[in-house]
């Protein structure tokens, strides 16, 4: 089990080097993160974008172009198309979004002819290293699925389970979040959480509980005060939120007010997809790459 | 402007003493908070509940009963009825929920014959002192209103504005929260935020902005990275959330992961109503009383 991202990075260094295909990497913080991952032996960089601009930026940063594979693309659309085609040829290759809109990249990802679809729902996983929590926390979905239905939440849960399992969290503790920890017919998210828990509680791969308020999911003390006695309560690995606003609120409030470091990937495609955000730090970008590397390989 | 709750407490000490009517105070942490507030001159305690049990608990805690007004009530329902009737007679009296269900107390609060209704929507205000934020943050609604409509959000905003204004925050900065900071028709909360801002932006009492993600509302750096140039961005006093799950997520994640101290009141009634939660600390309860005292008086 990973307690923080430095452990993820240490693990990634021990694994086989992966191809990292980056659509439009024309940004200094992305290029520094890629080059650090390259020098650590995590990835082989495959860059797709404005070739001359990329070469200029590499020179400006004092990065030698040896070992870099660079494909020219004259538009965001072309960079997305070429990147996705390159990734689709290699089971272990990783796709990374650079300076283009997510929607442009996703259009090609979802293309049935050359894309990375598997028939699964795509979902975003946010992984946050919060100093005041005792392990990495996985949260979903703060980016892709706005108001997932009960069925979609189960799809999201399956994507997430497969991912955390690949990271060596063998029996993850999954919490379905709402505003309160009891079923209240006036709050649909509590009813849905109860239904999902009833459907999935007999599985053998994970522990699942809910509805839980956030405090019940992450604090043993709060769970005790509220009389919630459940193996997931106070020790959750995964928080599944009822809507994009609550997931995003958790992601942002822990990052900006609890000194958290967040990382983000898209799940449900045939290959991991690193989705960096404009407000993410260089470190978040490096850790995102490391996490994608670890998830494509056996555990350390 | 209050930067933390010790300033609120210092202010409350300078103001006129208020009547604090507590329904079912049969709990040690509540009685300690009430007695501290009494000894500081903030309030005159009026307790309604099981008289013998209350006297026993006071004795056990070493608290002298002088200065305490105690009414016997033989059930939660009776305690709620008597408490609300007592409060309704005094403009400046404060109602506090003790060890009874909120719904039992609210039934009497909302009774048109003897209650505390004003025709306004009741809404909850959470006030959180977060060490990593530069001032007190007011958030709504994490308790009462589950999925407020556009009109209800405006009611909530008005309750909140009146309250923060009474605390001396004369031109508060109000942010309407969603998951992103642009209007996207697929995310209804962004559209509603835009509509509300358009309706209310010409007022002279407050600054209002949105839709904002939480990071844009509270971090100048994030607002800058995302190109949001607005007086509210990075410096919000009030966060109005689109649903109870996102508001509650902010409340709980900052309390449990960012070392926040939360306080809660109900707004929209004729008198302030202190709503303590089972997981609130003794300090949260004392600060809740102080905040209610300050809001009923002129500012320090």
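Residue numbers (my numbering), protein chains in the order written: chain A, 92 to 391; chain B, 92 to 391.
From the three backbone atoms N, C-alpha and C, an ideal C-beta is built for every residue, glycine too.
Cβ of residue i within 8 Å of Cβ of residue j?
i	j	result
residue 251/A	residue 269/A	no
residue 135/A	residue 111/A	yes
residue 234/A	residue 267/A	no
residue 140/A	residue 117/A	yes
residue 113/A	residue 189/A	yes
residue 401/A	residue 212/A	Because residue 401/A is not part of the residues shown, which for chain A are 92 to 391, the question remains open.
residue 322/B	residue 307/B	no
residue 349/A	residue 179/A	no
residue 367/A	residue 221/A	no
residue 239/B	residue 247/B	yes
residue 265/B	residue 302/B	no
residue 107/B	residue 388/B	yes
residue 137/A	residue 175/A	no
residue 191/B	residue 154/B	no
residue 262/A	residue 92/A	no
residue 103/A	residue 384/A	yes
Ordered along the chain, which non-local residues of its own chain (more than five positions away) have a Cβ less than 8 Å from that of residue i?
i	result
residue 94/A	225, 226, 227
residue 97/A	none
residue 351/A	219, 220, 221, 222, 345
residue 236/B	212, 214, 215, 243, 247, 335
residue 120/B	372, 373, 376
residue 165/B	141
In this structure, how does DSSP classify residue i when only helix, strand and coil are distinguished?
i	result
residue 215/A	strand
residue 110/B	strand
residue 160/A	strand
residue 263/B	coil
residue 229/A	strand
residue 279/A	helix
residue 365/B	strand
residue 208/B	coil
Which same chain residues, not among the five before or five after residue i, have their C-beta less than 6 Å away from its C-beta?
i	result
residue 358/A	214, 216, 250, 254
residue 142/A	161, 163
residue 354/A	218, 375, 378, 379, 382
residue 257/A	386
residue 324/A	307, 314
residue 285/A	274
Quick one: does residue i have its CB under 8 Å from some CB of chain A?
i	result
residue 168/B	no
residue 392/B	Residue 392/B is absent from the structure shown; chain B starts at 92 and stops at 391.
residue 348/B	yes
residue 340/B	yes
residue 121/B	no
residue 298/B	no
residue 247/B	no
residue 277/B	yes
residue 397/B	This structure leaves residue 397/B out entirely; chain B is present only between 92 and 391.
residue 373/B	no
With a cut-off of 8 Å, does the C-beta of residue i fall near any C-beta of chain B?
i	result
residue 162/A	no
residue 305/A	yes
residue 333/A	yes
residue 270/A	yes
residue 345/A	yes
residue 265/A	no
residue 159/A	no
residue 237/A	yes
residue 224/A	yes
Please work out which residues of its chain come closer than 7 Å, Cβ to Cβ, to residue i, disregarding the five sequence neighbours upstream and downstream, and give them in chain order.
i	result
residue 181/B	110
residue 196/B	114, 171, 188
residue 124/B	373, 376, 377, 380
residue 168/A	195
residue 156/B	146, 149
Is the region 335–354 of chain A touching the region 331–342 of chain B in the sense that three or more CB pairs, one from each, lie closer than 8 Å?
Here the region 331–342 of chain B lies against the region 335–354 of chain A, with 3 or more beta-carbon pairs under 8 Å apart.
Would you call the region 292–301 of chain B and the region 318–332 of chain B touching, i.e. three or more CB-CB distances under 8 Å?
Yes: at least three Cβ pairs fall under 8 Å.
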